[in-house]
Structures are given as C-alpha cells and as structure tokens.
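A.B. asks: Take a look at the following structure, please.
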Amino acid sequence: MFFPALVVDDGCETRAGTVLIITFIAFHVPVRDEKAGVFIPIALASDAMGLAIGLFLVGIVRSFKTLTALARFMLLALLLVQGIFVKLAVWPHPLRIVARWSPADVSLRLLYATLSRNRWTATQWHLLMAEAIYIAVLGGLGGVLFRNVSPSR
Numbered sequence: 041m042f043f044p045a046l047v048v049d050d051g052c053e054t055r056a057g058t059v060l061i062i063t064f065i066a067f068h069v070p071v072r073d074e075k076a077g078v079f080i081p082i083a084l085a086s087d088a089m090g091l092a093i094g095l096f097l098v099g100i101v102r103s104f105k106t107l108t109a110l111a112r113f114m115l116l117a118l119l120l121v122q123g124i125f126v127k128l129a130v131w132p133h134p135l136r137i138v139a140r141w142s143p144a145d146v147s148l149r150l151l152y153a154t155l156s157r158n159r160w161t162a163t164q165w166h167l168l169m170a171e172a173i174y175i176a177v178l179g180g181l182g183g184v185l186f187r188n189v190s191p192s193r
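To convert, note that position 89 of the sequence shown is 129 in this note's numbering; the numbers rise steadily by one, no gaps.
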C-alpha cells in the first residue's frame, strides 16, 4: 500500500513544530495549548498535501531533469496565484477563484484560521475538506502512477 507514505514523511513533525514556533515568535501570537493542539495536525496535513503533490509529479514525469523543471514551474505558479508578483485584485474573477482554492492558499488560510481567535465557520471546514481531497486525489493518483512506472522486482 502506498497510502501510509503520504502520512509518514521524515521530519514532517519537525517542520510543523518549527512553523509553529516561528509563527508564535514572528507574529507575537500568545502560546495557548489549544491552539498548538490544533495547529500541529493542520500543519501536518499541509505537509502531507505537499507530499501528495510531489508524489503525483514523480508519478507523471519520467526524467529527473524534467521533474526538476516542472517542480520549479509549479513553485512559480503557486507564488503567482498567491499574489506575490501581481495583486489578485486586478485578476479576472474566475482566476481569483482558482487562486483562492490553490493548494498553497488553502494551506495558508487553514493555518491562519487555526491561529485566529474566532470560531471556525463553514469556510474553514470547506478548506479542510479541500485539503483532504487534494491529499486523497493527488496522493492516490501519484501512488498508482508511481507504482506503474517503478521497476518490478
């Protein structure tokens, strides 16, 4: 089975803890046990989503050079839909919707919602569902594709 590989990633707990500590220090967020208890699983889910995207890319691309180029292009595209280069307000409405549901924006909004003082609304639950769908679909497809491409024993 390939699914446990999506959940278990070397060092993902360390990255989640590091993100939590940096967030508390950089944004002067008071440390509360309930926030840390919710933040770490959300950070782990965001990490699993990144791993699922990577597994999908490895499943569809055969050569290492092509994979590296595609990964850099995807990083540039994710930065673009985050509004790093051009403000999202000038984009057409359909592109703004796509940008709001990109994997990077879903993770960012979930992490922000976790640290906010407000209760979760339906929007945050929809974001969590979208993250789970990204993990299941991309991870599942990537696992199947990777298994079909990998050399047999």
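Even glycine gets a Cβ: it sits at the ideal position worked out from N, Cα and C.
(1) Taking the C-alpha atoms as reference points, what is the distance between R159 and V126?
(2) Can you check whether the CB of L151 is closer than 8 Å to the CB of S86?
(3) Three Cβ pairs or more, each shorter than 8 Å: is that satisfied between the region 176-186 and the region 84-100?
(4) Can you find the residues in the same chain that come closer than 8 Å, C-beta to C-beta, to F96, ignoring five residues on each side of it along the sequence?
(5) Output the distance between the C-alpha atoms of A109 and T163, rounded to the nearest integer angstrom.
(6) Figure out for me which residue from F113, H133, A139, L135 has the closest Cα to the Cα of Q122.
(7) Can you grab the Cα-Cα spacing for the pair P81 / S147, in whole Å?
(8) Determine the direct distance from the alpha carbon of L119 to that of H133, and round the result to whole angstroms.
(9) How close, in whole Å, do the beta carbons of T154 and F79 come, if the pair is a contact with beta carbons under 8 Å?
(10) Alpha carbon to alpha carbon, what distance is there between W165 and L115?
(11) Sorted by chain position, which residues of the same chain lie with C-beta nearer than 7 Å to M41's C-beta, five sequence neighbours on each side aside?
(12) Consult DSSP for Q122 and reduce its assignment to one of helix, strand or coil.
(13) Which whole-angstrom value is the C-beta distance of W141 and A117, which I expect to be below 8 Å?
(14) Would DSSP call R112 helix, strand or coil?
(15) Within 10 angstroms of its Cβ, does G77 collect 16 or more other Cβ (buried), or is it exposed?
C.D. replies: Based on what the coordinates show:
(1) 31 Å
(2) yes
(3) yes
(4) L178, G179, L181, G182, L185
(5) 34 Å
(6) A139
(7) 12 Å
(8) 18 Å
(9) 5 Å
(10) 26 Å
(11) Low confidence applies here, because M41 scores a pLDDT of 33, under 50, leaving its location unreliable and the question unanswered by this model.
(12) coil
(13) Not confirmed; about 14 Å, so no contact.
(14) helix
(15) exposed
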